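Oh and the sequence shown: position 274 is 319 in the working numbering, straight run, nothing missing.
Just so you know, even glycine gets a beta-carbon here, dropped at the ideal spot from N, CA and C.
In this text the structure is predicted, and so the values were computed from the model without any measurement.
A short write-up of the structure that comes next.
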Amino acid sequence: MTKIKTTAANENRFTAGNYSEALTAFTVGWKSPDNLNDILDFIAPPVPVGRRFEFKTSDNAQAFYSESDDVRSIGAEFKRVRYDGASINEKTLNKGLTIRVDHDEIADDDWQERYVQMLLQRLLRNELRRAVAALETIATLSAEPQWLDNENPDADIRQMLLEAGNESGVRPNRLLIGEIAWDMRMSCLEKQNSAVAFKASAIAQDELAQKFLLDGCKVMSARYQSSPEAKAQIAGRNVYAFFAQNSISKDEPSNLKRFYTPMEEGTPFRVYCDETAKYTDITVEHYSSIVATSNLGVRKITVKEGE
């Protein structure tokens with residue numbers, strides 16, 4: 046199998062003459078076959094912004110103030126309150142990949158679309174790793190259980206959600222479970238001689254979200270090539286609890302957000318084709334920045350290996 050080299054893109058390739066309107070349109074609505082789009086939006090909801098943007102971080106305590114003097118006297122005004130927050134200036138970063146395709150290796154008519162899909166999937170995997178890394182950075186460790194035979198994995202998760210809610214004042218609404226942690230939870234419950242435990246081991250992700258009073262629960266099995274010989278799971282043994290909302294507002298209270306700058310065409314990605322007599326360089330670019338807008342109420346469980 047012929048290997049195709051991926052190279053850093055060169056600025057002089059990004060000209061109006063090399064821009065591909067058809068391939069850019071092809072990226073609109075494209076979905077990764079292994080659901081990378083959905084899991085990325087689940088962790089870090091997308092928010093469209095300009096290249097440079099500003100957002101406010103809120104003072105968490107202000108959201109829970111309570112007054113006993115909100116009754117207006119005749120002729121008087123209502124008590125005046127204010128909500129303060131630090132203004133943060135950020136910018137989206139230009140990211141992209143270029144792949145060189147030798148014309149002697151072209152076999153089908155849709156070869157350009159196939160290589161665009163390969164680059165899109167790789168770029169999304171990069172973004173997903175950044176999102177989980179950002180979540181890991183702000184998460185507070187709640188427990189390191191083993192989940193072997195007689196433990197109660199769901200009790201550990203409920204305790205984590207309670208701790209997170211006590212810290213932020215808002216119960217987390219999303220749960221991200223690494224594939225290894227998911228399998229260990231099921232194995233632990235299946236080993237127990239209890240109809241309740243066995244039933245709990247068989248419930249689906251949506252049912253588990255309802256059980257924990259959450260809006261959503263996802264099991265993440267995505268992997269990346271960690272070395273030439275091995276692959277690694279991105280979430281692995283971790284269970285993360287956090288708050289996120291699918292909203293176009295840059296100031297709503299999600300713990301993580303993926304700010305992105307739409308292109309002039311209104312698309313999140315843009316595609317260029319730089320053709321020569323013997324090869325074509327295909328480039329896919331985008332502008333984004335994953336920002337931890339609040340670390341309050343983010344918790345994690347890391348399941349340890351059995352001894």
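| Item | Value |
| --- | --- |
| S334, DSSP secondary structure in three states | strand |
| Classification of K76 by the beta-carbon crowding that lies within 10 angstroms, buried from 16 upward | exposed |
| Identified DSSP bridge partners for A188 | I346 |
| Cross-strand partners of Q270 (DSSP beta bridge) | K276 |
| Among S333, M231, P313, E350, nearest to F98 - alpha-carbon criterion | S333 |
| Cβ-based burial, H331 [other Cβ within 10 Å; buried from 16] | buried |
| C-beta contact flag for H148 and Y324 at 8 Å | yes |
| The beta strand (DSSP E) enclosing M265, as first and last residue numbers | 261-265 |
| Residue range of the unbroken alpha helix (DSSP H) whose run includes A245 | 240-246 |
| Cβ contact (3+ pairs, closer than 8 Å) linking the stretch 297-305 and the stretch 80-93 | yes |
| Cβ pair I346, V284 closer than 8 Å | yes |
| Coarse secondary structure for P198, derived from DSSP in three states | helix |
| Where the beta strand (DSSP E) through A176 begins and ends | Note, A176: premise wrong, no beta strand (DSSP E); alpha helix (DSSP H) at 156-183. |
| C-beta contact flag for P298 and S339 at 8 Å | yes |
| Rounded separation between N63 and A289 - CA only | 38 Å |
| Cβ-based neighbour list, Q250, same chain, cut-off 7 Å, excluding 5 preceding and 5 following | C262, K263, V264 |
| Cutoff 7 Å; reference S246; Cβ partners in own chain excluding five residues on either side | M231, L234, E235 |
| Assumed close pair K276, R282 - CB separation to whole angstroms, cut-off 8 Å | About 15 Å separates the two Cβ atoms, so there is no contact after all. |
| 6 Å CB neighbourhood of A337 in its chain, flanking five on each side removed | A179, I183, L301 |
| Residue interval of the beta strand (DSSP E) (run including T143) | 138-147 |
| Three-pair Cβ contact test at 8 Å for the stretch 161-174 versus the stretch 68-83 | yes |
| Simplified DSSP state of R303, which is helix, strand or coil | strand |
| Same chain only: Cβ atoms within 8 Å of L169, ignoring 5 sequence neighbours per side | S77, L81, N82, L85 |
| Residues that P93 bridges to, as DSSP identifies them | Y305 |
| Closest Cα partner of I335 within the set V177, E150, V126 | V177 |
| Helix, strand or coil at I84 according to DSSP, with G and I counted as helix | helix |
| Three-state secondary structure (DSSP) of R282 | coil |
| Sequence-distant residues of the same chain with beta carbon closer than 6 Å to R117, five excluded per side | F123 |
| Sequence-distant residues of the same chain with beta carbon closer than 8 Å to I248, five excluded per side | K256 |
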